[in-house]
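FYI, in the numbering used here the residues of the sequence shown are 3 to 78. I have placed the structure first, in the form of structure tokens, so that the comments after it can refer back to it.
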Amino acid sequence: HGLTGPITVAGQKYGTGNAVPMPAMGGLSDHQIAAVLSYIRKEFGQEAAAVSAEAVKKIRTGTSGRDKPWTADELR
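Written out as structure tokens, the structure is:
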């Protein structure tokens, strides 16, 4: 579904002004999205378990009716 609007990461605000929304990733497989999310978690210092393809599939199925990008506030 993508992401729109500003987002704050490690105290740094991104996406203000004329930022282009992050596009949806419908062309990526559940495994590919899980790998990207796991990489991002690790790079930001989180010690959480890797994201599984099954978790991605569950979320995709549960939000399949959504027709607009997410905002940072909705994802908190």
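Cβ coordinates follow ideal geometry from the N, Cα and C atoms, glycine included. Every value quoted in this text rests on a predicted model; they were computed, and no experiment measured them.
*T63 by DSSP, collapsed to three states: which one?*
Of the three classes helix, strand and coil, the one that applies to T63 here is helix, per DSSP.
*Counting along the chain, where does the alpha helix (DSSP H) carrying K44 start and finish?*
32-45
*Evaluate V53 with the Cβ neighbour count: other Cβ atoms within 10 Å of its Cβ, from every protein chain shown; 16 or more gives buried, anything less gives exposed.*
buried
*For K70, which residues does DSSP report across the bridge?*
BP columns for K70 are empty, so no partner.
*asked:* In whole angstroms, give me the CA-to-CA distance for Q14 and G4.
replied: 20 Å
*Indicate whether V58 and A74 have their beta-carbon atoms separated by less than 8 Å.*
no
*Would you report the Cα separation of A21 and R68, rounded to the nearest angstrom?*
22 Å
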